[in-house]
């Protein structure tokens, strides 16, 4: 098995392009986070998570087709700063 580390910005989730940051690492299964900053972006990610938390999600990250399981969300809304971070577990779909 080859260890993969996918880190960057921009992914396709269920045929929709999102400008989210991602940081995933692993061999057979990839573990990591999807992350956004900003009030509007954070609220959108929280709503997206609530809608999809019980589903397996199809995504394309760095030209890898992945099936992702959403494991939880953390968010910070302090002062003038807001961010959301979704913990994911992913496997290659192809």
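In my numbering, the protein residues as written are 542 to 635. Positions of the beta carbon are idealized from the N, C-alpha and C atoms, including for glycine. Predicted model, so just to flag it, every value in this text is computed and none were measured.
Proximity below 8 angstroms, CB of residue i to CB of residue j
i: residue 565; j: residue 550; result: no
i: residue 547; j: residue 603; result: yes
i: residue 631; j: residue 571; result: yes
i: residue 543; j: residue 568; result: yes
Euclidean distance between Cα positions of residue i and residue j
i: residue 574; j: residue 621; result: 23 angstroms
i: residue 578; j: residue 615; result: 12 angstroms
i: residue 600; j: residue 619; result: 30 angstroms
Cross-strand partners of residue i (DSSP beta bridge)
i: residue 616; result: 625
Neighbour-count burial assignment, residue i, 16 or more Cβ in a 10 Å radius
i: residue 580; result: exposed
Residue interval of the alpha helix (DSSP H) (run including residue i)
i: residue 593; result: 580-593
Minimum Cβ-Cβ distance from residue i to chain B less than 8 angstroms
i: residue 553; result: Note that chain B does not occur in the displayed structure, where there is just one protein chain.
Opening and closing residue of the beta strand (DSSP E) in which residue i lies
i: residue 544; result: No beta strand (DSSP E) holds residue 544; DSSP gives it neither H nor E.
i: residue 566; result: 557-567
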